[in-house]
RNA sequence: GCGUCCUUAGCUCAGCUGGAUAGAGCAUCGGCCUUCUAAGCCGAGGGUCACAGGUUCGAAUCCUGUAGGACGUACCA
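Numbering (this note's numbering), first residue to last: 6 to 589.
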């Protein structure tokens, strides 16, 4: 599709020049001003070139220019051109295009949709970044979904991608669950309680908060524990190591269940010290200054902001300190051309400061840092609040969805056909969840309505899976009867229904969609494209019998199109982390 | 107060970077299963694209202002 657009843009540019010459007009730079778009309705053509921009040059009305351009294009063109008011509309040569597309998709296979847009670029993507004091919630799931998908989309666009996670495993919040465990834990472990480690630790974090309401000294005790931790106290360190492992093991299981993975982990406990050194070095260099209160600060008045603390007056680190250390360590480990931080919009200020600080410290790569800021997931009643217990737990949600999907399979009496009902249920749940989270542009806040949001009907992940499972089933049936068709060759001129043509256009514009998603860092572009394709296939499936007809050549030809559609859908699923199901 | 972002159908969201009659899903109503999976398909109703100006041949899209909302403006992360 991309190639077609370029070809036609060149042809139209030539025709414009020719038309201008006939009018004895000297015009330059016409080609740069040509706009290609799609007509609003299929029967108007496949491509449209508006002639408005040339009205002044030609000193005549756009419809007259359109007519002249069509005249100048002549008949020796790959398709047909028609003037339509102020537009030149193009009808592509369908059978040639379908033939090419089918060959192209078959040859590319799993790599259909990939490009070399970002070839040679090293891109690091940071996402998830959990605290080790509680399990993941719905907000993390959005973060993970975006981070994983963006990474896959960038990789598909030719970049060398490294996915990294930063474990926030130090700080007073970590000490809170530790303290509560010491007080109320009675030696319970994930094994003895049968609980996932992150949930167990999270329970103690909650316990701390209820305890702290009664006992005013709780907060103070937690601070004291943090100091002991920083001093390297043996008992505290051991408990910290143990409980961290529980949480990380638990969270890793959630990652595994959601098909999220990382190439490298960073730990705040490792990077806060190097960050501190960096701040002290910056102080010597005069990049930072020591405030009257003893804290080390960065003056941001040059970019119209206030000052920001880099190191506390007692010498301990803040979030900024360790992020400085982490960024530097990362560039050393993997000299990236771009580092993308997938972090909530509430931290925009933090990243402005971080990037600015690194720039002032003289790191040239500070220019290559990017905050991919995403919006919040809210509930119909408003924000998720841990204090009110309205936080949607990631594991619970997944389990609930899986159960719902499994029930659905049984209700539809598909249990026998799918085989492993539980596993299929989990995969449907993932599709529902990931599609739901990724169909919205990252930067926007979104509403999660537990009752309605993750339905399996309509514009959803399971719909996409359902369509592809049906396609797969057709192809399997075809394979069974392969002998009947063995000697036949497809004839693409037979595919002349609108449903078929729309599907073709859709499949052929998939690579463009992936590129756009990559340049915008926006998986929703891919999600929307998948839905369009599935929807178009649905119509094709309904209107055009594939295996049933009498014309075997037509069957063979439609099978080619069906194969291409399935390949494209599968490739797209991979990019938005939706499992393909051969049966459901 | 200042800064950043958001506002499109009753609800949840798209809208190809300024083009032709603004689209989906859910919800509501009406059709379609002895034929490749009805988690489906087809149709109907539902819009002053928050509001007011501006730029432009042309604005949901760009600019300015106003009104609502979210977030931030910590020696929290």
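All C-beta atoms, glycine included, are put in the ideal place defined by N, C-alpha and C.
Member of the options whose CA lies at the smallest distance from the CA of residue i
i           : options               : result
residue 59  : 52, 53 and 68         : 68
residue 175 : 228, 347, 159 and 483 : 228
residue 468 : 557, 418, 537 and 147 : 537
residue 530 : 440, 270, 268 and 392 : 440
residue 84  : 9, 121 and 151        : 9
residue 454 : 446, 447 and 442      : 442
residue 480 : 567, 448 and 135      : 567
residue 551 : 582, 482, 587 and 507 : 482
residue 162 : 533, 525 and 399      : 525
residue 263 : 31, 432 and 277       : 432
residue 327 : 585, 340, 385 and 274 : 274
residue 316 : 310, 563 and 324      : 324
residue 292 : 208, 364 and 352      : 364
residue 314 : 339, 338, 334 and 281 : 281
residue 312 : 321, 319 and 298      : 298
residue 158 : 588, 520, 545 and 563 : 520
residue 332 : 318, 581 and 360      : 360
residue 97  : 160, 12 and 21        : 12
residue 20  : 243, 72, 7 and 51     : 72
residue 334 : 586, 171, 236 and 303 : 171
residue 383 : 458, 406 and 358      : 458
residue 87  : 51, 511, 395 and 238  : 51
residue 100 : 557, 576, 249 and 509 : 509
residue 319 : 260, 301, 336 and 489 : 301
residue 372 : 394, 224, 7 and 343   : 343
residue 470 : 576, 392 and 238      : 576
residue 394 : 56, 284, 142 and 585  : 142
residue 6   : 104, 215, 239 and 181 : 104
residue 596 : 578, 586 and 588      : Look at the range of the chain in this structure, 6 to 589, and you will see that residue 596 is not part of it.
residue 278 : 218, 214, 45 and 329  : 329
residue 90  : 235, 368 and 49       : 49
Endpoints, the beta strand (DSSP E) within which residue i is located
i           : result
residue 2   : Nothing about residue 2 can be read from this structure; the chain reaches only from 6 to 589.
residue 515 : Unbroken run through residue 515 is the alpha helix (DSSP H), 515-525; no beta strand (DSSP E).
residue 314 : 312-316
residue 52  : 52-55
The ligand FMN heavy atom lying under 7 Å from the CB of residue i
i           : result
residue 558 : Judged by which ligands are present, the structure shown has none, so any question about the ligand FMN falls away.
Extent of the continuous alpha helix (DSSP H) run through residue i
i           : result
residue 573 : 557-580
residue 217 : 202-219
residue 349 : No alpha helix (DSSP H) contains residue 349, which is instead part of the beta strand (DSSP E) from 343-349.
residue 19  : 7-27
residue 417 : It is not in any alpha helix (DSSP H) - residue 417 carries neither H nor E in the DSSP assignment.
residue 178 : 177-189
residue 257 : 239-262
residue 538 : 529-548
residue 588 : Careful: residue 588 lies outside any alpha helix (DSSP H) and carries neither H nor E.
residue 68  : 67-78
residue 224 : 223-236
residue 425 : No alpha helix (DSSP H) holds residue 425; DSSP gives it neither H nor E.
Contacting residues, own chain, Cβ-Cβ under 6 Å from residue i (five flanking each side not counted)
i           : result
residue 195 : 202, 205 and 251
residue 153 : 265 and 582
residue 77  : 20, 23 and 24
residue 32  : 25 and 62
Same chain only: Cβ atoms within 7 Å of residue i, ignoring 5 sequence neighbours per side
i           : result
residue 571 : 473, 476, 477 and 480
residue 340 : 127
residue 212 : 185 and 189
residue 591 : Here the chain comprises residues numbered 6 to 589, so residue 591 is not present and cannot be evaluated.
residue 545 : 504, 505 and 508
Sequence-distant residues of the same chain with beta carbon closer than 8 Å to residue i, five excluded per side
i           : result
residue 466 : 433, 435, 436, 437, 438, 439, 440, 441 and 583
residue 415 : 426
residue 420 : 414 and 426
Should the segment 162-177 be regarded as contacting the segment 118-129, the criterion being three or more beta carbon pairs within less than 8 Å? yes
What alpha helix (DSSP H) runs, 4 residues minimum, are completely inside the segment 434-495? 466-485 and 487-490
Counting only runs of 4+ residues fully inside the segment 89-159, write out the alpha helix (DSSP H) ranges in chain order. 99-113
Taking 8 Å as the threshold, find out whether the segment 536-552 comes into contact with the segment 72-90 through three or more Cβ pairs. no
The segment 106-124 / the segment 514-523 touching (three or more Cβ pairs under 8 Å): yes
Run through the segment 321-409 for me and flag every whole alpha helix (DSSP H) of 4 or more residues, listed as ranges in chain order. 324-338 and 353-365
Can you list, in chain order, the stretches of the beta strand (DSSP E) that have 3 or more residues and sit fully within the segment 269-320? 269-272, 301-304 and 312-316
Could you tell me whether the segment 288-304 touches the segment 255-262, where touching means 3 or more Cβ pairs closer than 8 Å? no
Take every Cβ of the segment 344-360, pair it with every Cβ of the segment 377-386, and state whether three or more of those distances are shorter than 8 Å. yes
Spell out a yes or no on whether the segment 552-562 and the segment 485-496 are touching, meaning 3 or more CB-CB pairs, one atom from each, closer than 8 Å. yes
Touching by the beta-carbon criterion (3+ pairs, under 8 Å), the segment 206-225 and the segment 138-145: yes
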